[in-house]
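Since the structure comes first, as structure tokens, the remarks are kept for the end.
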Amino acid sequence: MPSLRFYFLALASLLLCGLLTVSCSSRRGRTDRHEADSVYKVSKTAIAKPILPKLYLEHSGSMFGYDGPTVNGNFKNTITKLLNQFDNPQATSIFIVNDKVYPYPKSYSDLIKSATLFQYKTGNAAYTDFGQIFQTIADDLEENQLAILTTDLIYSEKSATGQNAAKIMATAQNLAQIALKNYTKTGSLLVLKLHSDYSGRYYPYNSPQKGKQYKGDRPFYVLLFAKNATMDRLLTENQYAGLRNFSSYPSFENQYLFSSSTQARTPFYTLLENHPSAKGTYDKDREGDNSKGLHIIKNVEPPHKSTEKLTIVVAVKLPVGAYGEVFIRNPANYTVESIKDNFKIKAIQPSTNPGTTHDIILEASSPASGERTAIIRLKRIFPPTWIISSSSDDDTNVNPNTTFATTTFGLQPMMTGIHHAYEAHITDKNYLFSLSLHLND
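FYI, in my numbering the residues of the sequence shown are 368 to 808.
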């Protein structure tokens with residue numbers, strides 16, 4: 368009965384394969400579902416929403432001279448370059464601001480192609496209500512949005528004719544502080560100073576209705592508003608590296624960050640075990656927690672040559688877009704608390720260590736032994752020198768060969784108002800961050 372035996376064998380094989388298939392499919396189904404869940408969770412965490420820009424273009428009388436057929440285009444080029452850093456600049460929400468905030472009637476393409484950015488004379492260009500402008504921007508801002516205000520930052524009142532300059536500046540300071548009081552709890556503001564060619568009528572503080580013809584250089588400002596988490600992303604994520612490379616923008620001069628975020632105050636840092644500038648020897652403390660960088664070293668020995676001093680190098684990841692390269696690399700902006708070694712900052716230079724931006728080179732001024740610490744702190748400086756030198760209390764002499772070409776009426780009081788608004792939410796009013804190192808023989 369070979370045919371019958373063959374039949375039973377074939378049937379058994381089919382049943383066995385079916386059972387194995389169901390079992391394998393069942394296991395495979397659980398694994399695939401688990402893997403899919405894992406991939407979903409990773410994707411959900413790793414892929415953040417893109418940051419979307421909102422442009423607020425000041426349309427006051429003293430702004431119109433920044434763009435037109437007879438200027439070099441720095442003002443317009445700055446706006447274009449900034450917005451083109453985003454994935455879809457065409458989706459930019461655009462507003463006009465002066466006495467109020469108004470929606471721009473056309474698209475981003477229409478704005479960029481226009482003969483002048485100020486072709487639509489919306490609102491009252493005779494004065495700029497920064498109190499209402501700041502308040503509206505802050506109230507309408509959401510997470511993953513960046514509000515970009517392009518402005519000359521000159522506060523003007525509806526009835527400023529003949530008013531005292533000090534009174535106008537005091538009003539601007541108070542309005543800025545009040546308007547941003549609530550925003551400063553959760554929001555950041557990055558102020559950029561640039562300059563551009565200017566050709567048109569300029570309206571001094573005491574004659575907002577009657578301008579004076581001016582042709583020459585003038586400063587202007589780009590204010591970047593974002594929720595703290597969004598600003599942290601803007602200053603750290605690789606996809607926004609081009610955007611925050613402000614020194615590459617036409618006629619960029621300086622920057623200042625106002626923020627209540629804690630991320631910038633806790634940068635990653637680590638002592639480097641091998642560096643060309645290091646002198647002396649030490650061992651890693653393998654018993655300590657080095658997951659956040661090497662902060663503890665032992666068996667510290669100075670160099671054998673009597674002419675050399677103990678030198679250690681700390682690599683740190685700093686948000687250059689927040690503070691600026693010039694500020695970061697100036698040793699005068701730091702303090703070093705080191706009683707025994709009396710460390711001094713010898714130099715601050717770009718880092719070649721992966722994951723960091725700068726190397727801080729510390730040189731000991733005194734021989735030391737035993738357990739000791741060194742604490743590096745970056746000073747919180749307000750107002751910085753550039754804000755002081757960029758501020759004027761009289762803009763009636765519109766001469767291109769004077770400080771009028773580089774200064775802004777009432778800038779320092781306006782910035783002081785913003786600074787006061789942030790003070791209540793800043794725990795350390797003297798320093799931006801601290802780096803602690805521990806040494807032992």
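Beta carbons: idealized from backbone N, C-alpha and C, even for Gly.
None of the values given here were measured: they were computed from a predicted structure.
- In the DSSP annotation of this structure, serine 673 is not part of any beta strand (DSSP E), being labelled neither H nor E.
- Around the beta carbon of arginine 653, fewer than 16 other beta carbons sit within 10 angstroms, so the residue counts as exposed.
- In this structure, the CA atom of serine 626 is about 13 Å from the CA atom of glycine 688.
- DSSP places isoleucine 742 inside the beta strand (DSSP E), whose first and last residues are 739-746.
- If you look at valine 687, you'll find it in the alpha helix (DSSP H) that goes 687-690.
- Asparagine 531 sits exposed, since fewer than 16 C-beta atoms from the chains shown fall within 10 Å of its C-beta.
- Per DSSP, the beta-bridge partners of leucine 561 are Phe587, Phe619.
- With a cut-off of 8 Å on Cβ pairs, the segment 566-582 is in contact with the segment 764-772, counting three or more such pairs.
- Rounded to whole angstroms, aspartate 454 and asparagine 444 show a C-alpha spacing of 18 Å.
- For phenylalanine 485, there is no enclosing beta strand (DSSP E), as DSSP marks it with neither H nor E.
- About 7 Å separates the beta carbons of leucine 557 and glutamine 622, which is inside the 8 Å limit, making them a contact pair.
- Of the other Cβ atoms in all chains shown, fewer than 16 fall within 10 Å of the Cβ of asparagine 697; this residue is therefore exposed.
- In the three-state DSSP reduction, glutamate 668 falls in the strand class (E or B).
- In the displayed model, aspartate 599 falls within a helix according to three-state DSSP.
- Note that the segment 458-469 touches the segment 412-431; at least 3 beta-carbon pairs, one per stretch, sit closer than 8 Å.
- Secondary-structure assignment with DSSP links serine 733 through no beta bridge to anything.
- Contact annotation, leucine 677 with proline 670: C-beta distance approximately 7 Å; criterion of less than 8 Å satisfied.
- Just measuring C-alpha positions, the residue of Gly784, Ser757, Asp762 sitting nearest threonine 773 is Ser757.
- At the C-beta level, tyrosine 588 and leucine 520 come within 7 Å of one another.
- Contact annotation, glycine 498 with isoleucine 545: C-beta distance approximately 7 Å; criterion of less than 8 Å satisfied.
- Boundaries of the alpha helix (DSSP H) harbouring threonine 447: 441-450, taken from the DSSP string.
- In the displayed model, tyrosine 798 falls within a strand according to three-state DSSP.
- Collapsing the DSSP output to three states places alanine 532 in a helix.
- For threonine 637, the pairing in a beta bridge is given by DSSP as Ala682.
- Around serine 523, the same chain offers Tyr494, Thr495, Pro575 as residues with beta carbons nearer than 6 Å, after the five sequence neighbours per side are excluded.
- Annotation: the continuous alpha helix (DSSP H) that includes serine 756 extends over 752-756.
- Taking the Cα positions, tyrosine 471 is about 38 Å away from arginine 747.
- Within the DSSP bridge table, the entry for phenylalanine 625 names Leu556 as partners.
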